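**Q**
Protein chains: 2
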Amino acid sequence: MDNLNEAGKLSILVVDDDKEIVNAISIYLENEGYRVYKAYDGFQALDIITSHDIKLILIDIMMPRLDGLSAVVKIREQKNIPIIILSAKSEDSDKILGLSIGADDYVTKPFNPMELVARVKSQLRRYLTLGDVNGTRKANVLKSGGLCFDLDSRTVTVDGEPVKLTATEMKIVELLLRHPGRVFPAEEIYERVWQEPAYNAENTVMVHIRRIREKIEINPREPKYLKVVWGIGYKIEKI
Amino acid sequence: MDNLNEAGKLSILVVDDDKEIVNAISIYLENEGYRVYKAYDGFQALDIITSHDIKLILIDIMMPRLDGLSAVVKIREQKNIPIIILSAKSEDSDKILGLSIGADDYVTKPFNPMELVARVKSQLRRYLTLGDVNGTRKANVLKSGGLCFDLDSRTVTVDGEPVKLTATEMKIVELLLRHPGRVFPAEEIYERVWQEPAYNAENTVMVHIRRIREKIEINPREPKYLKVVWGIGYKIEKI
DNA sequence: CTTAAATTTAAGAAAATCTTAAGAAATTTA
DNA sequence: TAAATTTCTTAAGATTTTCTTAAATTTAAG
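Right, dumping it as structure tokens:
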């Protein structure tokens with residue numbers, strides 16, 4: 019599988035038996051800076067997703083040979099990437115059918131190109147998190163010893179006991195757990211979690227660290243998980 | 019009852035008073051590898067399903083002698099297999115009637131053969147799970163504790179007591195129940211339920227959440243089912 | 001022992017959610 | 001078609017939770 023895509027572009031696969039539609043969609047997506055792959059039936063689609071690093075799929079559900087709904091199911095068996103269904107039908111029952119089968123969104127033809135792009139971005143935003151370079155959502159738990167972070171339910175447990183962290187606290191724990199053993203200066207934690215330049219923000223980070231410890235450590239004064247490295251920063255050990 | 023069908027093929031019963039339609043459908047289904055039984059009115063249909071191991075029924079609701087809707091009701095009393103209604107009528111009232119009476123899907127004539135096949139496959143996929151050898155479906159309900167959503171009748175009950183939700187409210191509950199434990203940001207709820215990009219829509223979602231809680235929670239201020247995760251979104255617990 | 005770094009605490013500020021209500025929109029009924 | 005009903009959206013204020021700030025305290029390294 020080629021994981022190297024030109025200039026770091028995200029790859030999108032467009033599947034429809036109508037070549038004109040595929041081309042039209044491709045132009046809009048390429049304009050937005052995506053690399054577009056094209057397929058004209060379900061089998062071609064399956065071929066491409068097994069040989070290329072596709073991040074998102076746009077697929078028509080009414081296609082010859084392997085119909086779209088079946089293809090969606092097969093794709094889901096292989097990869098966990100966002101799937102947006104294209105369809106001429108607009109009835110509610112179809113919407114529900116598509117979504118319950120494992121698609122993430124549903125667009126009816128004729129569609130507004132800008133809306134389509136908006137939905138593509140929305141889906142990619144949802145699936146592509148920083149630490150998740152492959153775009154494939156793996157088993158969604160991060161661990162270090164008894165500390166466990168379930169990314170789907172956004173639940174943190176210590177030795178199986180659920181612990182209630184705030185959103186910011188969770189982001190800090192997530193960052194440290196995604197790079198176990200690595201030491202992060204408070205300044206870097208701030209910049210990565212708050213997504214803005216750190217200016218006199220160390221204290222803020224420290225107070226958060228304190229509160230996280232209060233929740234996940236048995237004795238916050240002798241932390242077992244969230245450790246300090248004097249003069250450098252904080253880390254959670256690789257276990 | 020013969021449970022042995024040739025070469026392990028799945029048996030489908032097609033019921034319509036128009037023989038041409040029955041034959042046309044049969045060809046498409048046989049092409050897809052199904053064993054097809056034919057009936058030209060409701061009584062014949064009932065005969066066949068009691069003597070053969072039918073996995074799915076396609077039935078017209080406008081038929082002489084025993085009309086289709088009545089047949090559907092009687093079939094449901096006997097067997098719990100997927101039923102797809104065929105009809106020349108496309109009015110909404112019929113759709114609702116057909117589905118509420120226990121049918122699983124609805125196709126209006128004239129129909130696209132590929133679409134019909136797709137729906138047949140979709141229904142079989144939904145009902146024939148590995149552990150479910152008899153072709154009798156699993157209870158089609160989503161649950162979390164005392165909260166229960168019956169997908170067939172689209173009815174919600176709390177501790178057995180029926181609760182009257184609006185269509186939108188039901189879609190929200192369905193989404194959360196289909197992914198128990200997972201936290202959905204208000205924005206994502208909007209996009210998945212309304213099927214359009216969320217723009218300043220969080221408030222709308224919140225008000226709906228509030229009204230759902232009013233209906234399903236004993237004390238809406240301390241929700242037992244529909245919980246908030248501060249800074250992230252809403253969820254219904256996996257129980 | 002001194003100093004810089006890290007911890008702890010508490011209170012006010014900020015942000016997110018909740019609640020309510022009124023009017024708009026959609027649906028049903030007459 | 002109009003009236004009545006139900007459902008949805010919008011907005012604004014109340015409430016709750018979370019975040020930031022700052023100052024006092026403790027800890028580790030040299």
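Keeping their order, the protein sequence lines are chains Y and C. So in the working numbering, spot 125 of the first sequence is number 143, and the numbers just go up one at a time. So in the working numbering, spot 42 of the second sequence is number 60, and the numbers just go up one at a time. A virtual CB, placed ideally from N, CA and C, is assigned to each residue, including glycine. All values derive from a computational prediction rather than experimental measurement.
1) Identify, in the order they occur along the chain, each residue of the same chain with its Cβ nearer than 6 Å to the Cβ of Ser140(Y), setting aside the five sequence neighbours on each side.
2) Go through the region 161-212 of chain C residue by residue and report every complete run of the alpha helix (DSSP H) that reaches 4 residues or more, in order.
3) Keeping to the same chain, check which residues put their C-beta closer than 8 Å to that of Gln62(C); ignore five residues upstream and five downstream.
4) Is there at least one Cβ from chain C nearer than 9 Å to Asp170(Y)'s Cβ?
5) Is the CB-CB distance between Tyr55(C) and Pro131(C) below 9 Å?
6) Which whole-angstrom value describes the C-beta separation of Ala57(Y) and Ile66(Y), a residue pair presumed to lie in contact below a C-beta threshold of 8 Å?
7) Going by C-alpha to C-alpha distance, which of Ile103(Y), Arg172(Y) and Phe129(Y) sits closest to Val247(C)?
8) Determine the contact status of Glu205(Y) and Phe167(Y), defining contact as a CB-CB distance below 9 Å.
9) For the region 215-230 of chain Y against the region 238-252 of chain Y, do three or more pairs of beta-carbon atoms, one drawn from each stretch, fall closer than 8 Å, so that the two count as touching?
10) Using 9 Å as the threshold, is the C-beta distance between Leu169(C) and Val176(C) below it?
11) Can you confirm whether Pro215(C), when its beta carbon is compared against all beta carbons of chain Y, has any partner nearer than 9 Å?
12) Cβ of Asp123(Y) less than 9 Å from any chain C Cβ?
13) Below 7 Å on C-beta distance, what does Val225(C) contact in chain Y?
14) Would Ala57(C) count as contacting chain Y if we go by Cβ distances under 9 Å?
15) CB-CB under 7 Å to Pro203(C), same chain, minus the five flanking residues each way: which ones, in chain order?
16) Is the Cβ-Cβ distance between Ile72(C) and Ile103(C) less than 9 Å?
17) From Lys161(Y), Lys189(Y), Val201(Y) and Ile230(Y), pick the residue whose C-alpha is nearest to that of Val181(Y); which is it?
18) Would Lys161(Y) be called buried (16 or more neighbouring beta carbons within 10 Å of its own) or exposed?
19) Using the Cα positions of Lys37(C) and Ile39(Y), report the straight-line distance between them to the nearest angstrom.
20) So, is Arg53(C) buried or exposed, given that buried needs 16 or more other C-beta atoms within 10 angstroms?
21) Between Pro100(Y), His70(Y) and Ile257(Y), which lies nearest to Ile77(Y) when the distance is taken from Cα to Cα?
22) Bridge partners of Tyr124(Y), per DSSP?
23) For Tyr252(C), which residues does DSSP report across the bridge?
24) With distance defined between alpha-carbon atoms, name the residue in Asp59(C), His70(C), Asp35(C) and Thr184(C) nearest to Lys27(C).
25) Are the Cβ atoms of Lys233(C) and Leu183(C) separated by less than 9 Å?
26) Using 9 Å as the limit for Cβ to Cβ distance, is Lys8(C) near chain Y?
27) Can you give me the C-alpha to C-alpha distance between Glu214(Y) and Tyr208(Y), rounded to a whole angstrom?
28) If you run the structure through DSSP and keep just helix, strand and coil, what is Ala63(Y)?
29) Helix, strand or coil: which one does DSSP assign to Leu134(Y)?
30) Are the beta-carbon atoms of Glu50(Y) and Val138(Y) separated by less than 9 Å?
31) Does Ile30(Y) come within less than 9 Å of chain C when only Cβ atoms are used?
32) Just verifying my parser: in three-state terms, what is the DSSP assignment at Arg239(C)?
33) By the three-class DSSP mapping on this structure, what secondary structure does Lys56(Y) have?
34) Give me the Cα-Cα distance between Ala89(Y) and Val201(Y), rounded to the nearest whole angstrom.
35) Can you tell me whether Lys256(Y) is buried or exposed, with buried defined as 16 or more other CB within 10 angstroms of its CB?
36) Can you tell me whether DSSP reads Ile230(C) as helix, strand or coil?
**A** Walking through what the data contain:
1) So no residue of the chain qualifies.
2) Correct list: 185-196 and 204-212.
3) Val33.
4) Yes, Asp170(Y) counts as interfacial toward chain C.
5) Going by C-beta atoms, Tyr55(C) is not nearer than 9 Å to Pro131(C).
6) Your pair Ala57(Y) and Ile66(Y) checks out as a contact, with CB atoms roughly 6 Å apart and the cut at 8 Å.
7) Nearest C-alpha to Val247(C): Arg172(Y).
8) Their beta carbons are not under 9 Å apart, which means Glu205(Y) does not touch Phe167(Y) by this criterion.
9) Result yes; three or more Cβ-Cβ pairs closer than 8 Å.
10) Contact flag unset, no.
11) Interface residue, yes.
12) Yes, because at least one Cβ of chain C sits closer than 9 Å to the Cβ of Asp123(Y).
13) Result: empty, since nearest Cβ-Cβ is about 22 Å, beyond 7 Å.
14) At a cut-off of 9 Å between beta-carbon atoms, Ala57(C) makes no contact with chain Y.
15) If we look at Pro203(C) and ignore the five residues flanking it on each side, its Cβ neighbours are Ile250 and Gly251.
16) For the pair Ile72(C) and Ile103(C), the CB atoms are not nearer than the 9 Å cut-off.
17) Per the Cα distances, Ile230(Y).
18) Exposed is the call here.
19) Roughly 38 Å separates the two Cα atoms.
20) It is buried - the Cβ of Arg53(C) has at least 16 other Cβ atoms within 10 Å.
21) Of the listed residues, the one whose Cα sits closest to Ile77(Y) is Pro100(Y).
22) Partner residues in the beta bridge of Tyr124(Y), as assigned by DSSP, are Ile103(Y).
23) Per DSSP, Phe202(C) and Val246(C).
24) Nearest option by C-alpha distance: His70(C).
25) Cβ distance < 9 Å, so Lys233(C) and Leu183(C) count as in contact.
26) There is simply no residue 8(C) to check, as chain C begins at 19 and stops at 257 in what is shown.
27) Taking the straight line from one Cα to the other gives about 8 Å.
28) The three-state secondary structure of Ala63(Y), taken from DSSP, is helix.
29) Helix at Leu134(Y).
30) Taking 9 Å as the Cβ cut-off, Glu50(Y) and Val138(Y) qualify as a contacting pair.
31) At least 9 Å separates the CB of Ile30(Y) from every CB of chain C.
32) It is coil, neither helix nor strand.
33) The answer is strand: DSSP assigns Lys56(Y) an E or B state.
34) About 44 Å.
35) Looking at its Cβ environment, which holds fewer than 16 other Cβ atoms inside 10 Å, Lys256(Y) is exposed.
36) In the displayed model, Ile230(C) falls within a helix according to three-state DSSP.
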